[in-house]
Amino acid sequence: MKDVALIDVGGTSIKYGLWDSQNDQLIEKGAFDTPKDLTGYYAGLTKVINNFKTNHELAGVGMSTPGAVNKETGVIEGASALPYIHNFKIQAELEKRFGLPVSMENDANCAALAEMDRGVAKGLKNLIFIVIGTGVGGSVIMDGHVHHGKHLFGGEFGYTIAEGYKTLSNVGTAVSLAKRYNDAKGTNYSGKDIFDLAKNGDKLAQEYAHDLYHHLAVAIYNLQYGFDPEMIVLGGGISQSDTLIPNIEKEIQVILDKVEIAPFMPMIKACKYRNDANLIGAYVDFKQSI
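The sequence shown runs 723 to 1012 under my numbering.
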């Protein structure tokens, strides 16, 4: 059984690892600083793959990357912190340099595939994955595969309207929560600080935290009744908070009490994988793509 080399491209660092096919596990992990240009990018990735080739027989390379990956053309569309990887046939260029088949998928989609394959959604085929970070992103998994959409915008939940003309990314993150509080108070707190203030009785922090939970609850309610997934998985640093999901569920229950036609509470879980999610998902995508 041949192994699969895996790459997770990030704005500040590039992680890598090897999928040991015989033992079905991720091994030989490492990382290096993300290069400043395409030449350095090619050189860094090629060095990793050649090192793996020395001791392993490879079936190919699975990659997680920022941007909107067009699976048909091998082009990374859209934009990211790495402008040099976009809008040309980069997959074909990498295959030429590696001498191996390459699969590529967006990083949020990879994280979702990891959760479906062996994470909190193991055994399920239809799920929504919501990443709550600086903004809101995510993935739609239908029948075990990523739903990309006509314009490759499947899972861009942060674009949805939450309040007036504000998007979910504007109002549904800890970053936006902190900005709102700091603007009102002239402070410089983090999102975590605001949650701590709310726990300790700060009325304004409680009000703004409640608004955050409400906006996420409305989004999750709409996604549940729009797609009817088996599970909605939350990712991003905030997803590991013990209070996030209970508070969202509390707000969804308020909606269910008012919208009597809606018969059930969505199943919401925090993601299992964090640091290795994109590498694992890149392996799942490779299995599906090659």
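By construction, the Cβ of each residue, glycine as well, lies at the ideal position given by its N, Cα and C atoms.
The model shown is predicted, which means the values in this text are computed figures rather than measured ones.
Open item on the list: Once the 5 residues before and after Leu890 are set aside, which same chain residues still bring their CB inside 7 Å of it?
Closed with: Val858, Phe879, Gly880, Thr882, Ala884, His937 and Ala941.
Open item on the list: Rounded to the nearest angstrom, what separates Gln928 and Lys994 at their Cα positions?
Closed with: Here the alpha carbons of Lys994 and Gln928 stand approximately 28 Å from one another.
Task: Environment of Ser912 [buried if 16+ CB atoms lie within 10 Å] - done: exposed
Task: Ser861 - partner residues in DSSP beta bridges - done: Phe851
Task: Pick from Asn904, Glu952 and Tyr943 that is closest to Tyr930, judged by C-alpha positions - done: Asn904
Task: Beta-carbon proximity of Asp746 to Val1006, cut-off 8 Å - done: no
Task: Pro968 classed as buried or exposed, judged by whether at least 16 other C-beta atoms fall within 10 angstroms - done: When all chains shown are included, Pro968 counts as exposed.
- [ ] Count the other CB atoms, across all protein chains shown, that sit within 10 Å of the CB of Val976; report buried if there are 16 or more and exposed otherwise.
- [x] exposed
Task: Those residues which DSSP pairs with Thr787 across a bridge - done: Asn828
TODO: Indicate, with yes or no, if the ligand SAH has a heavy atom lying under 7 Å from the CB of Asp730.
DONE: Ligands in the displayed structure: none, and consequently the ligand SAH is not present.
TODO: Leaving out five residues on either side along the sequence, give the residues of the same chain with a beta carbon under 6 Å from the beta carbon of Ala790.
DONE: Around Ala790: Glu799, Gly800 and Leu874.
Open item on the list: Can you tell me which residues form a DSSP beta bridge with Asn792?
Closed with: Val797
Task: Residue of Lys1009, Lys972 and Leu966 minimising C-alpha distance to Ala992 - done: Leu966
Open item on the list: Less than 7 Å between C-beta atoms, sequence neighbours within five positions excluded: which residues of the same chain meet that for Val696?
Closed with: In the structure as shown, the chain starts at 723 and stops at 1012, and residue 696 therefore has no counterpart that could be examined.
Task: Anticipated Cβ contact below 8 Å, Lys724 with Leu780, distance rounded - done: 6 Å
Task: Assigned exposure category for Gln962 - 16 Cβ within 10 Å defines buried - done: exposed
TODO: Output the distance between the C-alpha atoms of Ser743 and Asn809, rounded to the nearest integer angstrom.
DONE: 33 Å
Open item on the list: Among Ala836, Thr776 and Ile852, whose alpha-carbon lies nearest the alpha-carbon of Gly866?
Closed with: Distances from the CA of Gly866 to each of Ala836, Thr776 and Ile852 were compared; the closest alpha carbon is that of Ala836.
Open item on the list: Rounded to the nearest angstrom, what separates Ala900 and Lys818 at their Cα positions?
Closed with: 46 Å
Open item on the list: Need the endpoints of the beta strand (DSSP E) that Gln747 sits in, please.
Closed with: In the DSSP annotation of this structure, the continuous segment of the beta strand (DSSP E) that includes Gln747 starts and ends at Gln747 to Asp755.
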